[in-house]
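Notes to accompany the following structure.
Number of protein chains: 4
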Amino acid sequence: MLYTPFPVLDHGFVRVVDYMGDDGAIVQAARVSYGRGTRRVSQDRGLIRYLMRQRHTTPFEMCELKLHVKLPIFVARQWIRHRTANVNEYSARYSILDREFYIPDERQLAGQSASNRQGRGEPLGGAEAARVLALLREDAERTYDRYEEFLNERPDGGVRDPDRSGLARELARMSISLAFYTQWYWKIDLHNLLHFLSLRADAHAQYEIRVYAETILDEVVRRWVPAAYEAFCDYRLGGAHLSRGGLDVVRALLAGRRDEAEALRAGSGLAPREWRELVETLGLEGDEPAAQA
Amino acid sequence: MLYTPFPVLDHGFVRVVDYMGDDGAIVQAARVSYGRGTRRVSQDRGLIRYLMRQRHTTPFEMCELKLHVKLPIFVARQWIRHRTANVNEYSARYSILDREFYIPDERQLAGQSASNRQGRGEPLGGAEAARVLALLREDAERTYDRYEEFLNERPDGGVRDPDRSGLARELARMSISLAFYTQWYWKIDLHNLLHFLSLRADAHAQYEIRVYAETILDEVVRRWVPAAYEAFCDYRLGGAHLSRGGLDVVRALLAGRRDEAEALRAGSGLAPREWRELVETLGLEGDEPAAQA
Amino acid sequence: MLYTPFPVLDHGFVRVVDYMGDDGAIVQAARVSYGRGTRRVSQDRGLIRYLMRQRHTTPFEMCELKLHVKLPIFVARQWIRHRTANVNEYSARYSILDREFYIPDERQLAGQSASNRQGRGEPLGGAEAARVLALLREDAERTYDRYEEFLNERPDGGVRDPDRSGLARELARMSISLAFYTQWYWKIDLHNLLHFLSLRADAHAQYEIRVYAETILDEVVRRWVPAAYEAFCDYRLGGAHLSRGGLDVVRALLAGRRDEAEALRAGSGLAPREWRELVETLGLEGDEPAAQA
Amino acid sequence: MLYTPFPVLDHGFVRVVDYMGDDGAIVQAARVSYGRGTRRVSQDRGLIRYLMRQRHTTPFEMCELKLHVKLPIFVARQWIRHRTANVNEYSARYSILDREFYIPDERQLAGQSASNRQGRGEPLGGAEAARVLALLREDAERTYDRYEEFLNERPDGGVRDPDRSGLARELARMSISLAFYTQWYWKIDLHNLLHFLSLRADAHAQYEIRVYAETILDEVVRRWVPAAYEAFCDYRLGGAHLSRGGLDVVRALLAGRRDEAEALRAGSGLAPREWRELVETLGLEGDEPAAQA
Chain P
12 MLYTPFPVLD HGFVRVVDYM GDDGAIVQAA RVSYGRGTRR VSQDRGLIRY
62 LMRQRHTTPF EMCELKLHVK LPIFVARQWI RHRTANVNEY SARYSILDRE
112 FYIPDERQLA GQSASNRQGR GEPLGGAEAA RVLALLREDA ERTYDRYEEF
162 LNERPDGGVR DPDRSGLARE LARMSISLAF YTQWYWKIDL HNLLHFLSLR
212 ADAHAQYEIR VYAETILDEV VRRWVPAAYE AFCDYRLGGA HLSRGGLDVV
262 RALLAGRRDE AEALRAGSGL APREWRELVE TLGLEGDEPA AQA
Chain G
12 MLYTPFPVLD HGFVRVVDYM GDDGAIVQAA RVSYGRGTRR VSQDRGLIRY
62 LMRQRHTTPF EMCELKLHVK LPIFVARQWI RHRTANVNEY SARYSILDRE
112 FYIPDERQLA GQSASNRQGR GEPLGGAEAA RVLALLREDA ERTYDRYEEF
162 LNERPDGGVR DPDRSGLARE LARMSISLAF YTQWYWKIDL HNLLHFLSLR
212 ADAHAQYEIR VYAETILDEV VRRWVPAAYE AFCDYRLGGA HLSRGGLDVV
262 RALLAGRRDE AEALRAGSGL APREWRELVE TLGLEGDEPA AQA
Chain L
12 MLYTPFPVLD HGFVRVVDYM GDDGAIVQAA RVSYGRGTRR VSQDRGLIRY
62 LMRQRHTTPF EMCELKLHVK LPIFVARQWI RHRTANVNEY SARYSILDRE
112 FYIPDERQLA GQSASNRQGR GEPLGGAEAA RVLALLREDA ERTYDRYEEF
162 LNERPDGGVR DPDRSGLARE LARMSISLAF YTQWYWKIDL HNLLHFLSLR
212 ADAHAQYEIR VYAETILDEV VRRWVPAAYE AFCDYRLGGA HLSRGGLDVV
262 RALLAGRRDE AEALRAGSGL APREWRELVE TLGLEGDEPA AQA
Chain D
12 MLYTPFPVLD HGFVRVVDYM GDDGAIVQAA RVSYGRGTRR VSQDRGLIRY
62 LMRQRHTTPF EMCELKLHVK LPIFVARQWI RHRTANVNEY SARYSILDRE
112 FYIPDERQLA GQSASNRQGR GEPLGGAEAA RVLALLREDA ERTYDRYEEF
162 LNERPDGGVR DPDRSGLARE LARMSISLAF YTQWYWKIDL HNLLHFLSLR
212 ADAHAQYEIR VYAETILDEV VRRWVPAAYE AFCDYRLGGA HLSRGGLDVV
262 RALLAGRRDE AEALRAGSGL APREWRELVE TLGLEGDEPA AQA
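So the protein lines, in turn, are chains P, G, L and D.
Heads up: the first sequence begins at 12 in my numbering, then just goes up one per residue.
Heads up: the second sequence begins at 12 in my numbering, then just goes up one per residue.
Heads up: the third sequence begins at 12 in my numbering, then just goes up one per residue.
Heads up: the fourth sequence begins at 12 in my numbering, then just goes up one per residue.
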């Protein structure tokens, strides 16, 4: 797993540079904390599932992962909002960026979602998609041409146009667009990594960061800490959080008190969107109390 | 609310020294983030509930609370594990601790729980309780006598016994027990405060820290940010998290497929303890599929 | 001071939204920590200077500042690297960015520094500067035109070109360059703010972030916590750190042992750049031991 | 180095459980950040010294260390104040503490310092020391006897006195004193570790935590990352920070302007304590301007 780059998007990748600890290190740390108290949990897997379920998070902090990631700047801007990580990013004050920019796959080119204020709706398809892709590529190429012109440096370190002095790197980079790739070393402990993944591998996350999260989850975490991966999928990704009002409705429905469930729903202050989420989570479709009215 | 000490335990208190922001500041920050996108959420309360439900946590970080807390050292040792806060604790290297120690109320004196490895079981009651309380008090008094003897300082700064040189404060404090009170200024943002409260106002938390959490929640948070308080109670404290396996069982039960629910339960890898929690959460008692077998 | 925007660069600003604490809060927190021990420091100013000198940082964490900042994206990318702060940034997934981009003042347009790998050298001046400015403006305008075309939205929320479906906001923003302005709410405690300012108000910081740091320092911190400001200027900004080798040289020079200073310098492993910094810091110019050889 | 416990105090130890990265990882991360810009720094050691001197801290964050530490509770209380670390501590809610407590070496038994409000003065020595040591030992033994009595558990898990129900572990621990040993796993990145060591290996730190810091520095850091260790000793531990006023005085003295130095000192607002520190740092003793007056 070490050093192999897992490709993401058109030019990006995720590469494991180093790691510390494994499933055993989680168990080891938990046994220090709970001492003799954990003896009865005979199996490591069972203990890890218990820790995940009870949100005993500190043992997961005892594992650490260091990744080398290449990613578009607009993805990096979302990613960096997770503060509990260590980062060394390629600096365009010191060095020159490469001519590499993100052009979405045609299937990812979509209009604004009508129902979800932050997401995308239907793919454009056809002629409009082709036109947008051509414009994106053309703009990015011209942007990079201009960047090179501003820098006025040749690859060998010499000057391109001896009649101009060029612009300092820290200024020339201003003209670069958010579609260009940057790269960084990113180091994070397993607990905070799982939190990052629970947000960024989620269906609400933007596609371009979600594919990074999915790659880290499926290619790295699954191999590195298989028991923690399984517990995370069962208790975090695959689970759901019910609110107080949602729980009341479910309890009434399970007890066969349909009328009460309907009344609870009406009086519970459950927002319409929250109700739709509940219906979807519990597979209530045809069964929806409101539909009975 | 400012400056009034809310008493906790026998000598402790929680006192608001300062705060920054309120429900309006949460909304204000969210509207910066989501810009025009939040216009449709017409009411502040609705927006705050949406943010809490969707775990959009950063707007809650825009409120800050500073408390003055007096608490037993063993409680302080649990409390300090929450790292995202600012703390100035009374230092026994510089100053002399007061003769104040925690003696539990008789109703809180309990033996080790048989079922819960970390908690307490039945109250001792009667003669045993009286004996334990007397010993606790006697030990604490003698401990403080010895501390004073080691310090060899009079309240006016003079020397108690001129034939001895006394022990440095940073050493004399070693003899103090974990029942003694310390105090600190503790400053934290609302998001991290709510996370602290969700763990420490929980039924699994030790009684002696839980009463601090409940005081902060009911006396401070409820008055300071009423909309955030309400959303927190509905979506965090009063809600429940269902695992992937638990969700499968609930879906089958709601669809009236009892046999499938039972099979799912058997094959799901739900730990016995997890199943008991699910039964309790959903009020399944008499209804428990296993009980039908 | 509250709410007044202090202008920075061509379209940016810094605006105080809220604050908590002042010089008195620093002193108050220190007196909790050091208890009776601080009674002898009769004046608040003296205590604050002592805390700053001895790097007792926690009392400074008891003050909190919330700013509204408008800044170019490339500045925001440097700024966000300071992790111990709370941030709510305007989101271009939800909302549409304004047509506002940074065009440097002509005096700031400079080539790459020959001596400093990360900075700028001489201003371009004259015709080259005029040409670069025109190109920067032209590129930014065209970038924004394209962004609007991709969005295909009218200000009233309607559609510009009914024959196209437009691009989702989260995708259209890719074409924006790093020169465009974003804005955020940024909340930080005084200790971490001073650390940020010590790095970003420094001469090595890029001009475009330095002017923000200087504005915060001179317009906000100086008024908000005057004693802490003065101590910060005296002990951090105006001070200097000498290495072990540098100290040895200074001690020899102060003792009048010039030969030894020269030998120490030769054998000390002081890097040439380090030596130049020492010479500059101590005003040794004409006095430089090496120059005597 | 792995797993070997380095003994500290009478029953404590520091043991390396795991580590990630080395000097090479610091260099690797720096080269990602500064890209081609660092090519000219031909040697790793030179680059590490440059990073340490310029306080480019993020590359040092790319190394991580996990220690198993056994330490008295009053030391743990100081230690935990460093928040940027991961901790799993032995829990006395779940488990029973051992009969192990700290008794200082006779040479460490000292009275309160007259000059330093937070430290110790002269060793007690002789009869008083012997008496204090006997009391410390007697008190700790009695404390543990009482703890065992409260628990009412036999080592085999059975009950000691069948007529009593015993006290829950989470309550019985209250009677333990701060001299008793606890243990934890502590994981931290190299940058934050060096910050911890700069404060805790300092002469102002309490002896009992300083010996842990010195052990980590000399036994672990020196072997693990020798180039970073050397740079840390040269630029942090062995260096000194001069204030603006201190620098002015030094500049005047170096330029041979004694009168001006004396005037600067008088007018500089240098606190008396600050001046004493400067005199000591620069070896000015006999040379002190004030002494000339």
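A virtual CB, placed ideally from N, CA and C, is assigned to each residue, including glycine.
Here the structure is a predicted model, which means the values were calculated and not measured.
Item                                                                                                                              : Value
Unbroken beta strand (DSSP E) run spanning Leu253 (chain G), endpoints                                                            : Ala251 to Leu253
Contact under 9 Å by Cβ, Leu264 (chain D) with Leu265 (chain L)                                                                   : yes
Beta-carbon proximity of Lys77 (chain L) to Lys198 (chain L), cut-off 9 Å                                                         : yes
Proximal residues, the stretch 164 to 188 of chain P versus chain L, C-beta separation under 7 Å                                  : Arg175, Ser176, Gly177, Leu178, Ala179, Arg180, Glu181, Leu182, Arg184, Met185, Ser186, Ile187 and Ser188
Listed by chain order, chain L residues near Gly57 (chain G) by CB distance under 8 Å                                             : Those within 8 Å of Gly57 (chain G) in chain L number zero; the least Cβ separation is about 17 Å.
Near-chain L residues of the stretch 190 to 210 of chain P (beta-carbon distance less than 7 Å), N- to C-terminal order           : Ala190
is_contact[Pro83 (chain P), chain D] using C-beta, thresh 9 Å                                                                     : no
Host alpha helix (DSSP H) of Ile37 (chain D) (start-end)                                                                          : Asp34 to Tyr45
Met12 (chain P) in three-state terms, based on DSSP                                                                               : coil
Beta carbon proximity, Tyr113 (chain D) to chain G, threshold 9 Å                                                                 : yes
Residues near Glu117 (chain D) by beta carbon distance below 6 Å, same chain, minus five either side                              : Ala140
CB contact check: Val290 (chain D) to chain P, cutoff 9 Å                                                                         : no
Whole-number beta carbon distance between His79 (chain G) and Arg26 (chain G), since they are thought to touch under 8 Å          : 4 Å
Beta carbon proximity, Val38 (chain P) to chain L, threshold 9 Å                                                                  : no
9 Å Cβ cutoff met for Leu208 (chain D) and Val236 (chain D)                                                                       : no
Residue of P:Gly23, P:Pro18, P:Val43 and P:Gln39 minimising C-alpha distance to Trp195 (chain D)                                  : P:Val43
Short CB-CB distance (under 9 Å) between Ser102 (chain D) and chain L                                                             : no
Residues of its chain near Tyr158 (chain P), where Cβ-Cβ distance is below 8 Å and the 5 sequence neighbours each way are ignored : Leu108, Ala183, Arg184, Ser186 and Ile187
Inter-stretch contact at 8 Å, needing at least 3 Cβ pairs: the stretch 137 to 154 of chain L / the stretch 164 to 178 of chain L  : no
Buried/exposed call for Ser126 (chain P), threshold 16 Cβ in 10 Å                                                                 : exposed
Beta carbon proximity, Thr154 (chain P) to chain L, threshold 9 Å                                                                 : yes
Segments of 4+ residues assigned as alpha helix (DSSP H) that fall wholly inside the stretch 82 to 164 of chain D                 : 84 to 90 and 137 to 162
Chain D within 9 Å of Leu62 (chain L), Cβ atoms only                                                                              : no
Whole-angstrom distance between Thr193 (chain L) and Tyr101 (chain L), CA atom to CA atom                                         : 7 Å
Endpoints, the alpha helix (DSSP H) within which Asp172 (chain P) is located                                                      : Unbroken run through Asp172 (chain P): none, as it is neither H nor E.
Proximal residues to Val19 (chain L) (C-beta, below 7 Å), its chain only, five neighbours per side dropped                        : Val25, Val222, Tyr223 and Thr226
9 Å Cβ cutoff, Ala121 (chain D) in contact with chain P                                                                           : no
Beta-ladder partner(s) of Trp195 (chain P), from DSSP                                                                             : P:Val80 and P:Glu100
Through-space distance from Leu293 (chain L) to Thr292 (chain D), alpha-carbon basis                                              : 15 Å
Bridge partner(s) assigned by DSSP for Pro18 (chain D)                                                                            : D:Phe24
Those residues which DSSP pairs with Asp29 (chain G) across a bridge                                                              : G:Lys77
Simplified DSSP assignment, three categories, for Ser188 (chain L)                                                                : strand
Residue closest to Arg316 (chain D), alpha-carbon to alpha-carbon, out of D:Ala216, D:Asp29 and D:Val261                          : In the structure as shown, chain D starts at 12 and stops at 304, and residue 316 (chain D) therefore has no counterpart that could be examined.
Own chain, CB closer than 7 Å to Asp21 (chain L), minus 5 neighbours either side, in chain order                                  : Tyr113 and Ile114
Under the three-state DSSP convention, the category Asp213 (chain G) falls into                                                   : coil
For Asp200 (chain G), the residue or residues it bridges with in DSSP                                                             : G:Glu75
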